[in-house]
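Some notes on the structure that comes next.
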DNA sequence: CGGGTAGTACTACGTCGTGTAGAGGTGGGT
DNA sequence: ACCCACCTCTACACGACGTAGTACTACCCG
């Protein structure tokens with residue numbers, strides 16, 4: 007895959023947080039605090055599309071963008087990618103399990119248990 | 007933290023795979039296939055040290071480099087970092103648990119169980 | 001004692017990803 | 001006929017990284 011830059015991530019965050027596809031203009035409005043040129047937003051949306059993070063469909067002259075995958079899926083994939091970096095996946099996984107907080111260990115346990123039951 | 011480049015990662019791999027600190031020259035020799043200039047290796051070792059991935063100690067005129075953390079710790083940290091990217095850690099964790107292979111789920115389960123027992 | 005050798009520090013340069021944005025084209029509404 | 005909203009293309013600066021040269025120093029060999 008590939009990591010995202012800071013602006014790219016902000017924009018993905020907006021699209022992930024929003025149900026339904028948005029136009030560049032709409033995204034820009036939702037990021038009014040950053041005061042970006044409209045073309046900047048368009049450029050980034052375009053790059054994200056090219057990288058496969060977004061899908062776009064026509065809406066009149068405008069494009070509407072929406073995430074190709076959920077943020078959770080993206081995060082999970084990043085985690086797997088990190089995991090791939092090691093020769094010893096088992097050791098890394100164990101290490102990871104030991105590192106997460108108690109609450110999170112609980113969540114993991116529950117998810118794994120449910121998995122098992124299916 | 008911060009990701010590593012490709013060369014940087016190769017060098018970390020060598021140091022991670024090796025017990026005990028190595029000099030730049032030794033690292034270079036272990037990467038003979040890439041035929042890098044000695045200074046290249048030194049530069050990268052230096053950058054890695056500055057980034058906090060390596061510690062170095064004097065050995066005569068030379069420096070000896072060794073990882074500040076194990077590869078597993080690094081991988082686990084990367085995974086946690088990915089996890090931090092989301093607002094909903096629980097959802098991402100669940101997603102992650104569902105995504106890993108059966109074998110890996112088993113490893114996770116075991117690690118979590120052992121955790122619990124302590 | 002003088003030179004090669006190993007090692008260091010410093011500097012440099014090309015490339016790529018990313019943030020940022022302007023210029024110019026085009027189609028629809030008034 | 002014109003303006004506006006949008007698009008596409010192109011551009012540029014900056015920082016990270018791969019890669020390496022240069023210059024300086026300390027030591028061993030003969």
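Residue numbers (our numbering), protein chains in the order written: chain A, 7 to 124; chain B, 7 to 124.
C-beta: ideal position from N, C-alpha, C; glycine also.
In this structure residue 38 of chain B is exposed. Its beta-carbon is surrounded by fewer than 16 other beta-carbon atoms within 10 angstroms. Here the alpha carbons of residue 82 of chain B and residue 76 of chain B stand approximately 10 Å from one another. Per DSSP, the continuous beta strand (DSSP E) segment holding residue 68 of chain A begins and ends at 68-73. Near chain B, meaning a CB-to-CB distance below 9 Å, the residues of the segment 57-83 of chain A are 76, 77, 78, 79, 80, 81, 82 and 83.
The beta carbon of residue 34 of chain A lies closer than 7 Å to those of 42, 44 and 47 in the same chain, with the five residues before and after it left out. Residues of chain A whose Cβ lies closer than 7 Å to the Cβ of residue 113 of chain B are, in chain order, 96, 99 and 100.
Under the three-state reduction of DSSP output, residue 45 of chain A falls in the helix class. DSSP places residue 65 of chain B within a strand segment (E or B) once states are collapsed to three.
Close to residue 110 of chain A, with beta-carbon spacing below 9 Å, are these residues of chain B in chain order: 89, 95, 96 and 99. Taking a contact as a CB-CB distance under 8 Å, the pair residue 51 of chain B and residue 68 of chain B does not count as one, their CB atoms being some 11 Å apart. Contact check for residue 73 of chain A against residue 28 of chain A fails: the beta carbons are separated by 7 Å or more. Taking a C-beta distance under 7 Å as the contact criterion, residue 78 of chain A and residue 98 of chain B qualify as a contact pair.
Annotation: residue 80 of chain A to residue 17 of chain B spans about 28 Å, alpha carbon to alpha carbon. Rounded to whole angstroms, the separation of the alpha carbons of residue 110 of chain A and residue 103 of chain B is 11 Å.
Within the model, the alpha-carbon separation for residue 24 of chain A versus residue 63 of chain B is close to 52 Å.
Residue environment analysis places residue 95 of chain A among the buried positions, since at least 16 neighbouring C-beta atoms fall within 10 angstroms of its C-beta.
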